[in-house]
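Single-structure report; data block below.
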Amino acid sequence: ATPHSGPDAPLPPDAPPPGALRVDLTYGEELTGWVRAARARGHEAIDGLGLLVFQCRRSFRLWFGAEPPAEALARAVGWPR
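Just so we're aligned: the sequence shown equals residues 3 to 83 in this note's numbering.
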């Protein structure tokens with residue numbers, strides 16, 4: 003996993019061993035270049051949007067005492083993508 007996917011990414015998408023899940027903890031309106039590059043090479047890769055979904059779920063529970071379903075939050079942000 004990496005929290006940085008800019009032009010100076012700390013790790014090439016092919017560096018992890020075959021079969022390893024590549025996770026870019028950053029997210030935005032579109033997939034990061036690092037995730038796109040990994041997928042283009044046939045690797046399983048995801049961005050941090052799922053992390054946002056579960057952080058939101060936890061925060062909501064702490065604030066309001068009720069835990070919303072992850073599926074509803076995921077749909078709201080278009081995850082998985």
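Glycine residues also receive a C-beta, built at the ideal position from the N, C-alpha and C atoms.
Hey, out of the options, whose CA is closest to residue i's CA?
i: W81; options: L54, R63, G67 and P18; result: L54
i: R77; options: E69, A68 and G52; result: G52
i: V79; options: R24, E69 and E31; result: E31
If we call anything under 8 Å between Cβ atoms a contact, is residue i one with residue j?
i: W36; j: A17; result: no
i: L13; j: G50; result: no
i: R63; j: A72; result: no
Can you give me the start and stop residues for the alpha helix (DSSP H) that residue i sits inside?
i: A76; result: A72 to V79
i: G35; result: G35 to A42
i: G52; result: L51 to F66
Am I right that residue i and residue j are in contact with their C-beta atoms under 8 Å? What's the rounded C-beta distance?
i: A39; j: P20; result: So it is not a contact: roughly 16 Å between Cβ atoms.
i: L23; j: E46; result: 5 Å
Going by DSSP, name the residue or residues bridged to residue i.
i: A17; result: The partner list for A17 (beta bridge, DSSP) is empty, contrary to what the question assumes.
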